[in-house]
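Asker:
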C-alpha cells in the first residue's frame, strides 16, 4: 500500500498562531508521551512510523509549506509540491503521477489518502491498512473510512450504507449515498441506519486515477502534469471522483477522531494549559494560554477562554466564540511575523513605513550550522546585518569574508549577497528601502559550491 | 497661594502599561473634550491652568519621572527632584525649601499640596483655592480637603469633625480625629456624623513646615536640604505632620473624586473602549482594550474584562480581579521595554542572553529634532546604529560625522559617543556585549556646545 498525506489549509481559524506558511498542522501545541510539545504533522508522522507506513508515504503540499515540513520531519521525506494551490483533486492526481512515473508504483497498488491533521488513535492506522483489503476483495473504485458517530453532529458529512446490508460477513459495507451537514433529526435517523462520519480518508487503486487522467487527455508523467497543472479541474476529489464513482465501499472505525481545526477543539487535546512566558491566577478554570511572544502574559479571573499570542497578533476569546476568529483574519492579515525555513527561521521585530515613503523592517534571523541563505540581489533595499551569535562566511559581489559575533556587514542595494553559518548563527537584519516586499528578491539559483567556484 | 503637585507611585496596579518610569499618571488613556487621548498628569495640569494656578505650581517627583513630566507638560515647569525616593514628608519638605529659598516665597504664603493623579471635576479647584481662606480665617496649622462620601467605603480614610459643630456660619469644620479604612458599619456611622473622605489634598502656611525643619536642626536652604535628604524622617506627611498638628480644619467638596489606581476604576473613566490596533467582536460588553503594541488584538466573547498590552507584557483580566495584578508584577518585572526621555523615546524590540554569556539588545530609538543623547562611554558593549529616518550628527571619540537615513554607524566598546538629531531621527540600535545594564554608561556631563569646542 502507498499513502498520500495531504497537507493543505491556511489555518485562519487558529489565528494568530497559524498563517499562510504555518497552518494549524505545524503548531507545536500537543504533547507526546514524554511531555514534549509536538505538532499535528509530527504526531501523524510518528503514528505512520509506528505502523510501518512511513516508508510508503509521500506528502502532497503547496510551496509555502515545504520548508516547514522539512524542518519538522525528516528532510528526506518525498514531497510532491503543487506548482500553485488549486484543490484536492489536482493535488491527489499530481501525487498519483509521482507514485507512478517517479517512484514506479504499480497500477494495481492501492493508494490511501490521509489529511495530515487527522487526530486519531493509533488503531486508526490498522483500519487504514484494511482499506487495501477492502478494495481488493470488493473490487470497488473507492474505499472510504467512516467514523462510527458518537452524537448526531450537524457539522460533518455522513456516508450512508446500502440497505438491506448485503454482505453480512464482510468487514466493509457498500455505500449508497452521502449527506453533508444534516439537521439534528436527519442526523439521528442517519445514525439509526448505520451511517458513518466521512473523515476524509479513502483508498483507490493507482490505476483508477491514472486512467482518469488519460481519459481527460492529461499527462500521466509527473513533470509534464506539473507543467500542465492549470488544466486539471479545480475541484475537490470528493466532487470530481467520489461522487461519480460506480462502486464505493466503506470501512468503519470506532474510536477517537477529531477535527482540531478551531481553538475550542484544539485546546481540548492540550495537556499543558499554559505554553510560554507568563502566569495564570490560581482560581482560573478551563483557560488555555499559548504565548509565542517574548513578553509575559498575566491572566486573572478569565475562565473558559483561549489567549493566544504570536508575532502576528493576540487573540483573547471565550472558547465558544473561538471559531469566529476566521471572520476577522482577513481584516487583520499582513506580513507573516515568524517563519521557519529550510535554512533556519526568522522573526520580524519591527516594521515601520514612514510618511516620506521609505520603509524599515527589522528581523532576527537564525541560520542553522552549515546552511546558507540563497545568493540574491535586492534592487529596492539595502540591508545591515549585525552578527549576534556564531561564525560564518559572507559573500558580497563574489568577495568572501569571515564574520563572527559583534561584527556588522552592510549589504548595499544591487549587490549579490549571501551568508552561510559555520556554527549556528543569529543575526539582526535591518532592511531599509522604498518597497520591502518578498518580490524584491532576485535569487541566483546556484549552490554554495558554485558560488565558491565563481569567486 | 502656592501649589505643590506630588508625582509619585510605581503604578504596579496598572501593569503592563505602567512601570518604574511610567507611573499610572502618565498613561494616555483618558480623553479630553476634543476626544484626544491624555494622561492624568496632563488632565490635572490643564485644570490648574483653567483655574490660574499653573503659574503658582511646582512639581515634586523622583529622578525617574523627570523626563516623562517634561515630555508630557511644558518643559519649563519648575520641578523639584528628590535625590532619591523616601516618602511624602521628605518630598513636601524639600519642595517647601524650594519655594522658600529658590522662588523666594513668603513664610505667610499658603501652600496647597495635591497628588498629581487626583481625578476630580473642575470645581474641585475652587475648593482648593478656598483652603487658603480657611487657613487664614481659622489660623489652623493644616486645612484638609474632605470629599463628601457617597457610600460607606471600607477602602478610604475618614476625616472626623468635632461635635457639636462649633462654627455653624463657617465654610470649614474643625477636625477631631481620623479613621483609616473602617468596616462598613463604622463607615456608616462615620458618615451619619458628617465625616469626610480624606483625598490627600491639604494646605498649610509655608512657615509652618519651614519652622518644623529648623526645629529639627535641618537646613531650610533647598540645595543644602537636597544634600542632607537622608536626614529627613522617612515618614508620610500624614504621620509626621498632620497627626501631630494641634489645630486642623477641613473643607468639604461635593462632587466626583476618584482614585484611578486600578484597571477597574480607570476603565470606568475611559470613553474609548478600544485604544490601539485590533478589533472587538460586536457582542462584547463592558470590555476595554488598551494596546500599545504594533500587532493587533482580537477580542471575541469576553465581557467585563480588561486587555492591556505593552512592550512589558500582556494582561488579560476580568474587571473585578484586576487589582490583583500587583501581586504578580514583582514576579514578572524586568527591564522597562518602553521609555520616554528628555530627548525622545526608545522601545526594546528584542533581548536575548545566549548560553555562551553574551547578550544582545535591539532597540528602536526616536530622537527629537535638535536633541542629543548624552556623551557617553560603555566598557562592556559595542553598539551598531542604523539610521531609519532623519539626519543628524554623530560624534565618536571627538570625530564628527553627518549621517542620514540608510547609513550604519559602529560604536566600538570604550569609545566616547553621542548622536544629535538635526531633523527628527529614528535609529535601530543593536547592543552586543557581556553585560547590558544601565550601569555600564559612563556619562560625560558636558553640553553639546562643549563637545563641539573640544573637537
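Protein chains in written order, with this note's numbering: chain A, 84 to 538; chain B, 84 to 538. From the three backbone atoms N, C-alpha and C, an ideal C-beta is built for every residue, glycine too.
With 16 other CB atoms within 10 Å as the buried threshold, where does residue 219 of chain A fall?
Answerer: One-based indexing of the first chain puts residue 219 of chain A at position 136. Exposed: under 16 other Cβ atoms inside 10 Å.
Asker: Considering only their Cβ atoms, is the gap separating residue 177 of chain A from residue 286 of chain A smaller than 7 Å?
Answerer: Within the first chain, numbered from 1, the residue matching residue 286 of chain A stands at position 203. Within the first chain, numbered from 1, the residue matching residue 177 of chain A stands at position 94. Against a cut-off of 7 Å, the Cβ pair of residue 177 of chain A and residue 286 of chain A comes out as no contact.
Asker: Whole-angstrom Cβ separation of residue 475 of chain B and residue 499 of chain B, contact assumed at under 8 Å?
Answerer: Counted from its first residue, the second chain places residue 475 of chain B at position 392. Counted from its first residue, the second chain places residue 499 of chain B at position 416. 17 Å between Cβ atoms; not a contact.
Asker: Roughly how many angstroms lie between the CA atoms of residue 312 of chain A and residue 375 of chain A, to the nearest whole one?
Answerer: Position 229 of the first chain, counted from the first residue, corresponds to residue 312 of chain A. Position 292 of the first chain, counted from the first residue, corresponds to residue 375 of chain A. Going by the C-alpha atoms only, they are around 37 Å apart.
Asker: Considering only residues of the region 142 to 168 of chain B, which uninterrupted beta strand (DSSP E) runs meet the minimum length of 3 residues and lie entirely inside it, listed in chain order?
Answerer: Counting only runs of 3 or more, we get 162 to 165.
Asker: Could you please give the first and the last residue of the uninterrupted beta strand (DSSP E) stretch that includes residue 269 of chain B?
Answerer: By 1-based counting over the second chain, the position of residue 269 of chain B is 186. Counting along the chain, residue 269 of chain B falls outside any beta strand (DSSP E), though it belongs to the alpha helix (DSSP H) covering 267 to 275.
Asker: So, residue 369 of chain A versus residue 387 of chain A, is the Cβ gap smaller than 7 Å?
Answerer: Indexing the first chain from 1 puts residue 369 of chain A at position 286. Indexing the first chain from 1 puts residue 387 of chain A at position 304. Cβ atoms of residue 369 of chain A and residue 387 of chain A: closer than 7 Å.
Asker: Roughly how many whole angstroms lie between the Cα atoms of residue 493 of chain A and residue 358 of chain B?
Answerer: The count along the first chain starts at 1 and reaches residue 493 of chain A at position 410. The count along the second chain starts at 1 and reaches residue 358 of chain B at position 275. If I take the Cα positions, the gap works out to 38 Å.
Asker: Compare the C-alpha of residue 194 of chain A against each of A/390, A/86, A/342, A/525 and name the closest.
Answerer: Within the first chain, residue 194 of chain A is the residue found at index 111, counting from 1. Considering only alpha carbons, the answer is A/86.
Asker: Suppose you measure from the CA of residue 449 of chain A to the CA of residue 495 of chain B; what does that come to, to the nearest Å?
Answerer: Along the first chain, one-based indexing puts residue 449 of chain A at 366. Along the second chain, one-based indexing puts residue 495 of chain B at 412. Going by the C-alpha atoms only, they are around 24 Å apart.
Asker: Indicate whether at least one CB of chain B lies closer than 7 Å to the CB of residue 485 of chain A.
Answerer: Counted from its first residue, the first chain places residue 485 of chain A at position 402. No - not a single Cβ of chain B is within 7 Å of the one on residue 485 of chain A.
Asker: Using a cut-off of 7 Å between C-beta atoms, extract the partners of residue 441 of chain B located in chain A.
Answerer: Along the second chain, one-based indexing puts residue 441 of chain B at 358. The contacting residues are 488.
Asker: Could you run through the region 349 to 372 of chain A and flag, in chain order, every residue whose CB is less than 7 Å away from some CB of chain B?
Answerer: Within the region 349 to 372 of chain A, the residues whose Cβ lies closer than 7 Å to some Cβ of chain B are 362, 364, listed in chain order.
Asker: Indicate the three-state DSSP secondary structure (helix, strand or coil) for residue 343 of chain B in the structure shown.
Answerer: To locate residue 343 of chain B, count along the second chain from 1; it is residue 260. Coil, per DSSP.
Asker: Name, please, each residue of chain A whose Cβ falls closer than 7 Å to the Cβ of residue 409 of chain B.
Answerer: Residue 409 of chain B sits at position 326 when you count from the first residue of the second chain. What residue 409 of chain B touches in chain A: nothing, since even the nearest Cβ is about 11 Å away.
Asker: Report the option in B/340, B/292, B/259 whose CA atom is closest to the CA atom of residue 284 of chain B.
Answerer: Along the second chain, read from residue 1 onward, the residue named residue 284 of chain B stands at position 201. Looking at the Cα atoms, B/340 is the closest of the given residues.
Asker: Judging by CA-CA distance, which residue of A/489, A/169, A/119, A/121 is the nearest neighbour of residue 143 of chain A?
Answerer: For the purposes of this step, residue 143 of chain A is taken as the residue at position 60 of the first chain. The shortest C-alpha separation from residue 143 of chain A is found at A/169.
Asker: Taking the alpha carbon of residue 238 of chain A as the reference point, which residue from A/245, A/252, A/264 has its own alpha carbon closest?
Answerer: By one-based count along the first chain, residue 238 of chain A stands at place 155. It is A/264 whose Cα lies nearest to the Cα of residue 238 of chain A.
Asker: I need the DSSP call for residue 329 of chain B, collapsed to helix, strand or coil.
Answerer: Residue 329 of chain B sits at position 246 when you count from the first residue of the second chain. It is coil, neither helix nor strand.
Asker: Pairing CB atoms from the region 111 to 125 of chain A with CB atoms from the region 225 to 244 of chain A, are three or more of them under 8 Å?
Answerer: No, the region 111 to 125 of chain A is not in contact with the region 225 to 244 of chain A.
Asker: In chain A, what lies closer than 9 Å to residue 400 of chain B by C-beta?
Answerer: One-based indexing of the second chain puts residue 400 of chain B at position 317. Chain A residues near residue 400 of chain B: 364, 381, 382, 383, 384, 385.
Asker: Alpha carbon to alpha carbon, how far is residue 271 of chain B from residue 150 of chain B? Give it in angstroms, no decimals.
Answerer: As a working note, residue 150 of chain B is residue 67 in the second chain. As a working note, residue 271 of chain B is residue 188 in the second chain. Between residue 150 of chain B and residue 271 of chain B, the C-alpha separation is close to 44 Å.
Asker: Reducing DSSP to helix, strand and coil, say where residue 283 of chain A ends up.
Answerer: Here the question's residue 283 of chain A lines up with position 200 in the first chain. Three-state DSSP puts residue 283 of chain A in a strand.
Asker: Out of A/288, A/217, A/100, point me to the one whose CA is closest to residue 253 of chain A's CA.
Answerer: Taking the first chain and counting its residues from 1, one reaches residue 253 of chain A at position 170. Cα-wise, what sits closest to residue 253 of chain A is A/217.
Asker: Find the nearest neighbour of residue 489 of chain A within the set B/482, B/487, B/512, judged by alpha-carbon distance.
Answerer: In the first chain, counting from the first residue as 1, residue 489 of chain A sits at position 406. When each option's Cα is compared against that of residue 489 of chain A, the closest is B/512.
Asker: Please classify residue 105 of chain A as buried or exposed, where buried requires at least 16 neighbouring CB atoms within 10 angstroms.
Answerer: Your numbering for residue 105 of chain A matches position 22 in the first chain. Residue 105 of chain A is buried by the Cβ-count criterion.
Asker: Give the list of continuous beta strand (DSSP E) stretches no shorter than 3 residues that lie fully inside the region 481 to 517 of chain A.
Answerer: With a minimum length of 3 residues, the continuous beta strand (DSSP E) runs that stay inside the region 481 to 517 of chain A are 482 to 487, 491 to 494, 500 to 504, 508 to 516.
Asker: Which two residues bound the contiguous alpha helix (DSSP H) that contains residue 173 of chain B?
Answerer: Counted from its first residue, the second chain places residue 173 of chain B at position 90. Its alpha helix (DSSP H) spans residues 171 to 180.
Asker: In chain A, what lies closer than 7 Å to residue 462 of chain B by C-beta?
Answerer: For the purposes of this step, residue 462 of chain B is identified with residue 379 of the second chain, where counting begins at 1. Neighbours of residue 462 of chain B on chain A: none; closest Cβ ~15 Å, over 7 Å.
Asker: Taking all protein chains shown into account, decide if residue 288 of chain B is buried (16 or more other Cβ within 10 angstroms of its Cβ) or exposed.
Answerer: The residue labelled residue 288 of chain B in the question sits at position 205 within the second chain. It counts as buried.
Asker: Between residue 211 of chain A and the rest of its own chain, which residues show a CB-CB distance below 6 Å, the 5 nearest in sequence each way excluded?
Answerer: Within the first chain, the letter at position 128 stands for residue 211 of chain A. Excluding sequence neighbours, residue 211 of chain A sits near 195.
Asker: Using a 10 Å radius around the Cβ and a threshold of 16 neighbouring Cβ atoms, would you call residue 344 of chain B buried or exposed?
Answerer: For the purposes of this step, residue 344 of chain B is identified with residue 261 of the second chain, where counting begins at 1. When all chains shown are included, residue 344 of chain B counts as buried.
Asker: By how many angstroms is the C-alpha of residue 389 of chain A removed from the C-alpha of residue 260 of chain A?
Answerer: Here residue 260 of chain A refers to the residue found at position 177 when the first chain is read from its first residue. Here residue 389 of chain A refers to the residue found at position 306 when the first chain is read from its first residue. Those two C-alpha atoms are separated by around 39 Å.
Asker: On a CA-only basis, which of A/159, A/224, A/206, A/420 is nearest residue 329 of chain A? Give me that one, please.
Answerer: On the first chain, position 246 is the one that residue 329 of chain A refers to. Among A/159, A/224, A/206, A/420, the Cα nearest to that of residue 329 of chain A belongs to A/224.
Asker: Taking C-beta pairs closer than 8 Å, name the residues in chain A that residue 392 of chain B reaches, listed in chain order.
Answerer: If you number the second chain from 1, residue 392 of chain B lands on position 309. 397, listed in chain order.
Asker: Just how far apart, CA to CA, sit residue 501 of chain B and residue 363 of chain B?
Answerer: Position 418 of the second chain, counted from the first residue, corresponds to residue 501 of chain B. Position 280 of the second chain, counted from the first residue, corresponds to residue 363 of chain B. In a straight line, the C-alpha of residue 501 of chain B is about 44 Å away from that of residue 363 of chain B.
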